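A.B. asks:
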Ligand code: URA
């Protein structure tokens, strides 16, 4: 490992060039984290838990106040080895009742968005920042996000996707540890622990603002192009 400033600068320059060649145009600014490091792509560690182990660990979870009003823990679903993950905000009414992510009106739109790039819903993995429904569909609060996020990180490690699409403000802000707006983040490529992360508008936002669909279509075309490169 380099220990003089010139070598460190050279290593950093080479790593940034590698990210650029992989299509990554911007890196997240860590506003709250003490860890300022950029993590290179990681090989699966022997300590990676399986999705079943993570789900078991979450059974009956009372780590935050959302447990008081939830019906079900919406763990996530899809291909356990998906190349592409979609990450939303948190379950709504329908998801809480059915125990599955994105099954309500926004979910139906997400399914269409997935199919628009010639994928089936079952081929990707769909999860949320928080796994229990915030009462009245309010945004999850920082303490709730903090309690739940480690489980999402473990899911990401277990699945090992090459691309993450963050759906909406809450998802993009939590994953990138930023307070930037979704409008300023969407369409840009970020590095999340060596994985390409592309924020886009949330399908629920598109239901209220159909004009945003054009931007989401651009983002989906970018994802399709990456998938074509990877296949
Ligand atoms: N909105 C989300 O962010 N997630 C869901 O699972 C459903 C709606």
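Residue numbers (my numbering): 3 to 233. From the three backbone atoms N, C-alpha and C, an ideal C-beta is built for every residue, glycine too. Nothing here was measured: the structure is a model prediction, and the numbers come from that model.
How is residue 42 classed by DSSP in three states: helix, strand or coil?
C.D. replies: Residue placement at residue 42 is flagged as unreliable, the pLDDT there being 45, under the threshold of 50; the coordinate-derived value follows with that caveat. If DSSP states are grouped into helix, strand and coil, residue 42 belongs with coil.
A.B. asks: What residues match up with residue 199 in a beta bridge as DSSP calls it?
C.D. replies: In the DSSP output, where bridge partners are listed per residue, residue 199 has 166, 192.
A.B. asks: Taking only three categories from DSSP, how would you classify residue 89?
C.D. replies: In the structure shown, residue 89 sits in a strand (DSSP, three-state: E or B).
A.B. asks: Determine the closest residue to residue 193 out of 177, 210, 92, with distance taken between C-alpha atoms.
C.D. replies: Out of 177, 210, 92, 177 has the C-alpha closest to the C-alpha of residue 193.
A.B. asks: Measure from the alpha carbon of residue 164 to the alpha carbon of each residue in 97, 179, 226, then state which is nearest.
C.D. replies: The option with the nearest alpha carbon to residue 164 is 226.
A.B. asks: Could you give the distance in angstroms between the alpha-carbon of residue 83 and the alpha-carbon of residue 128?
C.D. replies: Distance between the alpha carbons of residue 83 and residue 128 is about 12 angstroms.
A.B. asks: Give the straight-line distance between the Cα atoms of residue 75 and residue 162, rounded to the nearest whole angstrom.
C.D. replies: So the alpha carbons of these two residues sit roughly 22 angstroms apart.
A.B. asks: Should residue 231 go down as buried or exposed, given a rule of 16 or more other Cβ atoms within 10 Å for buried?
C.D. replies: Residue 231 is exposed by the Cβ-count criterion.
A.B. asks: State yes or no: is the C-beta of residue 108 nearer than 7 angstroms to some heavy atom of the ligand URA?
C.D. replies: Result yes, Cβ under 7 angstroms from the ligand URA.
A.B. asks: Please classify residue 33: is it buried, with 16 or more other beta-carbons within 10 angstroms of its beta-carbon, or exposed?
C.D. replies: Unreliable placement is indicated for residue 33, whose pLDDT of 37 sits below 50; no coordinate value is reported for it.
A.B. asks: Just to check my reading of the structure: residue 1 and residue 86 have Cβ atoms closer than 8 angstroms, yes? What is that Cβ distance to the nearest angstrom?
C.D. replies: Shown here, the chain extends from 3 to 233; a query on residue 1 therefore has no answer.
A.B. asks: Does DSSP classify residue 230 as helix, strand or coil?
C.D. replies: Correct three-state label for residue 230: helix.
A.B. asks: Return yes when the C-beta of residue 76 is under 7 angstroms from any heavy atom of the ligand URA, and no when it is not.
C.D. replies: Indeed, a heavy atom of the ligand URA lies less than 7 angstroms from the Cβ.
A.B. asks: Specify the secondary structure class of residue 84 as computed by DSSP and reduced to three states.
C.D. replies: Three-state DSSP puts residue 84 in coil, outside helix and strand.
A.B. asks: Do you know offhand how far residue 52's Cα is from residue 224's?
C.D. replies: Approximately 30 angstroms, taken between the alpha carbons.
A.B. asks: Is the closest heavy atom of the ligand URA to the C-beta of residue 174 under 7 angstroms?
C.D. replies: Checking every heavy atom of the ligand URA against the Cβ of residue 174, none is found closer than 7 angstroms.
A.B. asks: Leaving out five residues on either side along the sequence, give the residues of the same chain with a beta carbon under 7 angstroms from the beta carbon of residue 145.
C.D. replies: Contacts found: 66.
A.B. asks: DSSP three-state label for residue 176, please.
C.D. replies: Looking at residue 176 - three-state DSSP - the assignment turns out to be helix.
A.B. asks: Once the 5 residues before and after residue 80 are set aside, which same chain residues still bring their CB inside 6 angstroms of it?
C.D. replies: Within the same chain, residue 80 has close Cβ partners 126, 127, 128.
A.B. asks: Let's test the definition: count the other Cβ atoms within 10 Å of the Cβ of residue 68 and tell me whether it reaches 16, buried, or not, exposed.
C.D. replies: Under this definition residue 68 is a buried residue.
A.B. asks: DSSP beta-bridge partners for residue 129?
C.D. replies: DSSP lists 89 as partners of residue 129.
A.B. asks: If distances are taken between C-alpha atoms only, which option among 131, 160, 157, 158 comes closest to residue 148?
C.D. replies: Of the candidates 131, 160, 157, 158, the one whose C-alpha sits nearest the C-alpha of residue 148 is 131.
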